[in-house]
């Protein structure tokens, strides 16, 4: 008798998974159904925005399409797995889930290492943090700071007038105590080491302390289309 029971258990090993999933099947079905509706709505919304927006905003919508589609596939396989009690679909669902977790953890590790690479320079007497291209290691320069990518990003920043959002009437004393974003610090003003005189946040005049040895100082231009968008800062 014991041998017959052992043979019955070995006949269909997948039935064990089905028996375990029965108590949780209803809850799992409802949760995946809700998640499926949300993922489908997000996917349709992102697709619609992608084809209605310009090239600049597609930097956001393109990753959104892949993210929403993968979530839609994961929730769809989970829903059908719970509805049909299919072990194969359950395996596919959890494979996509663990793949998602791997991507999230890998992205988090990448962001941590990238944050360690970021070492802003605080200019004396100010609260302004400045960045330099040469401060980053080679792998960051190759993977993150690419000329073709920056060309498209630069065009979008100019089109969006990001530097015009600063208050043009603020005095120099107020400007030097601002906590500028990396884009405002690197693109909307010259490096403070250039020794230029402040007139407006995006307008600076040559002074007797002008540093013409630094490359970024020569690249700076008061034109709204140029400013310091071509600077290594």
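In our numbering, the protein residues as written are 10 to 242. Backbone N, C-alpha and C define an ideal beta-carbon position, used for all residues, glycine too. Computed from a prediction, not measured in an experiment: that's the story for all the values here.
Query	Result
Nearest to residue 218 (by Cα), restricted to the options 201, 144, 179, 83	201
Host beta strand (DSSP E) of residue 229 (start-end)	Note, residue 229: premise wrong, no beta strand (DSSP E); not H, not E.
Cβ contact (3+ pairs, closer than 8 Å) linking the stretch 173-193 and the stretch 127-139	yes
Through-space distance from residue 221 to residue 227, alpha-carbon basis	7 Å
Assigned secondary structure, residue 81 (DSSP; H/G/I helix, E/B strand, else coil)	helix
8 Å CB neighbourhood of residue 74 in its chain, flanking five on each side removed	52, 55, 56, 59
Pairwise C-alpha distance: residue 123 and residue 165	23 Å
Spatially closest choice to residue 48 from 146, 86, 64, by CA coordinates	86
Segment limits, alpha helix (DSSP H) that includes residue 110	96-126
Stretch pair the stretch 63-77 + the stretch 85-101: three plus CB contacts closer than 8 Å	no
Other residues of its chain near residue 215: CB distance less than 8 Å, five sequence neighbours each side excluded	205, 206
C-beta neighbour in chain D for residue 235, strict 7 Å	Looking for chain D here will not work: only one protein chain is present.
Residues of its chain near residue 168, where Cβ-Cβ distance is below 7 Å and the 5 sequence neighbours each way are ignored	65
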